[in-house]
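All remarks here apply to the structure that follows.
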Amino acid sequence: MKFRQIFYIISLGFLLFGCSNDNSDDIETVDGNNTEPGQIEENESPAEDNSENDVNDELDTERFQTEDAQEIMQLEPGIYGEDNYDEDKVKEILAKLDSNLTGEEYYLQILALAADDYRDLYEQINQFDTSFDGPTEAPDGSGSEGTNASIEKEVNVAILLDASGSMEETLDGKTKMELAKEAIESFVSILPEQVNVSLQIYGNEGDGQAGDKEKSCNSTEVVYELAPYDESKFGEVLEGVKPGGQTPLAASISKAYDDIQNKAEEGAENIVYIVSDGLETCGGNPVEEAEKLNQSDMQAVVNIIGFDVDDEGQNELKKIADAGAGKYLTVKSQKEIEEFFNQEKRELDKAWLSWQSDNVDDYYAKEREKLNQVHDLKNKIYEKSDLEREKFFILSNYLLEELAFDKQIELHINQEIRKRYNAIQTFTRSKMSELNTEIRDKAKELRIEVRDRGEEGRE
19 MKFRQIFYII SLGFLLFGCS NDNSDDIETV DGNNTEPGQI EENESPAEDN
69 SENDVNDELD TERFQTEDAQ EIMQLEPGIY GEDNYDEDKV KEILAKLDSN
119 LTGEEYYLQI LALAADDYRD LYEQINQFDT SFDGPTEAPD GSGSEGTNAS
169 IEKEVNVAIL LDASGSMEET LDGKTKMELA KEAIESFVSI LPEQVNVSLQ
219 IYGNEGDGQA GDKEKSCNST EVVYELAPYD ESKFGEVLEG VKPGGQTPLA
269 ASISKAYDDI QNKAEEGAEN IVYIVSDGLE TCGGNPVEEA EKLNQSDMQA
319 VVNIIGFDVD DEGQNELKKI ADAGAGKYLT VKSQKEIEEF FNQEKRELDK
369 AWLSWQSDNV DDYYAKEREK LNQVHDLKNK IYEKSDLERE KFFILSNYLL
419 EELAFDKQIE LHINQEIRKR YNAIQTFTRS KMSELNTEIR DKAKELRIEV
469 RDRGEEGRE
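Here the sequence shown is numbered in my numbering, starting from 19 and rising by one per residue.
Below you can see the structure in the form of structure tokens.
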């Protein structure tokens with residue numbers, strides 16, 4: 019009996035000893051697990067990056083604390099704004115924000131995350147060009163240089179009048195000289211005011227006799243120097259012209275170059291009208307001189323009016339006109355010479371009317387083009403702000419519906435969203451109205467200027 023008791027005691031001791039060893043092994047595994055302090059087990063995940071938890075501390079919200087539309091439109095976008103927008107990512111970040119933020123702070127966080135970029139559109143508004151180029155070159159040679167700056171191009175008309183003895187001959191009861199004078203005076207009197215006029219006579223000295231040929235061939239004289247037309251002065255000098263001797267036509271054309279060069283501005287349009295009843299009689303080469311004048315820096319156009327000239331004379335005078343890149347016309351009466359000058363004026367009137375019509379139509383077209391550009395720019399801004407507003411509302415609703423935020427917070431956020439939206443829209447509408455007014459006013463001013471110049475040119 020004693021033996022059995024001893025056996026039971028010994029067995030119980032072994033059992034207790036075994037249980038004690040098993041518990042010791044479990045504690046080591048949990049507490050120590052054979053790792054060094056600070057180390058992480060391979061099967062244990064590292065601590066999660068807390069940068070998104072602290073995102074409300076990292077986002078730059080201060081720059082969005084403005085209600086001024088121009089300041090808003092010059093801000094850089096939010097970190098997920100514009101093309102970088104990722105709604106799920108933004109919602110994920112919003113969900114990790116400090117739940118104690120105010121409605122204003124949540125609103126600024128939304129802007130810092132998702133605000134769009136208006137900088138390029140704002141720059142387009144402020145740099146929009148409302149100006150127009152000046153009108154095209156006018157029939158009198160005036161043109162435009164730069165924007166809204168019309169430049170009057172100088173136009174010079176030089177008249178070379180044959181004062182040789184043959185101009186004493188009569189035609190229709192008057193001398194050729196009298197008929198020529200009347201036609202010339204009628205012509206210059208209807209030229210535009212800005213046109214300069216000169217009158218040179220040639221062959222006015224001598225009497226056509228052999229003894230004074232040299233004197234007559236050397237006689238070329240400017241009796242009215244290049245200047246605006248003065249009816250009294252021009253009429254006085256023209257009245258004093260008397261027929262003389264020879265016809266030094268080549269010398270007269272050569273002298274015309276010097277006369278124009280001494281008075282004309284650089285780049286001026288120079289036109290020469292020669293009124294003659296005969297050929298060169300002093301041995302010169304008028305064809306060569308006409309070509310030289312046309313090809314010179316003066317680039318003068320040489321027109322010839324042949325006054326009662328025979329066939330041989332017509333052929334020679336036409337060659338002179340061709341060499342001077344001008345026109346030739348034969349006239350046999352006062353009526354015909356007046357008709358020539360009147361036709362010149364009608365062509366000028368027609369040119370002015372065409373110029374006026376083309377430029378007025380062009381300004382209407384350019385005005386519409388610029389107004390359409392303004393309209394397109396306005397729509398781009400409206401569309402961007404519409405999309406941004408809807409994006410913000412979705413995020414605001416997410417805070418309320420998904421995160422169970424206070425309704426007052428959502429109301430404040432939505433109020434701020436609308437204020438931002440209205441500020442952008444109001445500024446855009448006002449600025450576009452200003453641009454439209456500028457465009458219309460400038461186009462209208464130019465159309466009036468063109469019409470006035472066209473009417474003046476036709477007077």
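Every residue, glycine too, gets a C-beta built ideally from N, C-alpha and C.
Under DSSP, S294 forms a beta bridge with G324. For L267, the three-state secondary structure derived from DSSP is helix.
Under the DSSP assignment, S234 falls in the alpha helix (DSSP H) whose first and last residues are 231-235. Annotation note: the segment 110-163 contains no uninterrupted beta strand (DSSP E) run of length 3 or greater. For S216, the enclosing beta strand (DSSP E) starts and ends at 213-220.
Taking a contact as a CB-CB distance under 8 angstroms, the pair V241 and V259 counts as one, their CB atoms being some 7 angstroms apart. Residue nearest to I278 within the set G263, Q218, D78 is Q218 (criterion: CA-CA distance). Excluding the 5 residues flanking it on each side, L413 has same chain C-beta neighbours closer than 6 angstroms at I128, in chain order.
Taking C-beta separations shorter than 6 angstroms and ignoring five residues to either side along the sequence, the partners of Y247 in its chain run V206, V215, following chain order. Judged by DSSP in its simplified three-state form, D180 adopts strand. With respect to the C-alpha of D380, the residue from E100, L93, D151 having the closest C-alpha is D151. The beta carbons of L267 and G302 sit closer together than 8 angstroms.
Its chain contains A133, D134, D135 as the residues whose beta carbon lies nearer than 7 angstroms to that of P95, once the 5 sequence neighbours on both sides are disregarded; these appear in chain order. When only Cα atoms are considered, A282 and T446 end up about 52 angstroms apart. Counted as a single uninterrupted DSSP element, the beta strand (DSSP E) harbouring E239 occupies residues 238-246.
Closest option to E80, judged by alpha-carbon separation, among E123, S448, F359: E123. If you draw a 10 Å sphere on the C-beta of L256, you find 16 or more other C-beta atoms in it, and that means buried. Note on geometry: alpha-carbon atoms of Y140 and Y98 lie some 20 angstroms from one another. Spatial neighbours of P261 in its own chain (CB-CB distance under 7 angstroms, excluding positions within 5 residues in sequence) are listed in chain order as A181, S182, G183, M185, E186, M195.
By the CB criterion at 8 angstroms, G342 and V320 fall inside the cutoff. Between the segment 99-112 and the segment 411-428, the count of Cβ pairs shorter than 8 angstroms is three or higher; the stretches touch. Along the segment 188-213, the alpha helix (DSSP H) occurs as fully enclosed runs of 4 or more residues at 194-207, listed in sequence order. The straight-line gap separating the alpha-carbon atoms of S375 and L178 is approximately 34 angstroms.
Look at L389 here: in three-state DSSP terms it is helix. Rounded to the nearest angstrom, the Cβ distance from A198 to V293 is 5 angstroms, consistent with a contact under 8 angstroms. Boundaries of the beta strand (DSSP E) harbouring L347: 346-349, taken from the DSSP string. Exclusion of the five residues before and after L389 leaves N454, I457 as the residues of its chain whose Cβ lies within less than 7 angstroms of its Cβ. When the beta-carbon positions are compared, L189 and S351 come within less than 8 angstroms of each other. The three-state secondary structure of E287, taken from DSSP, is strand.
For N440, the enclosing alpha helix (DSSP H) stretches over residues 425-476. Distance check between N174 and each of M316, S272, G121, K310 places M316 closest, using alpha-carbon atoms only.
When DSSP states are grouped into helix, strand and coil, V319 belongs to the strand group.
Per DSSP, the beta-bridge partners of V175 are V215, I289. At the C-beta level, L311 and A339 stay beyond 8 angstroms of one another.
Distance from the Cα of A422 is smallest, within the candidate group D78, A176, N118, for N118. For S250, the enclosing alpha helix (DSSP H) starts and ends at 249-257.
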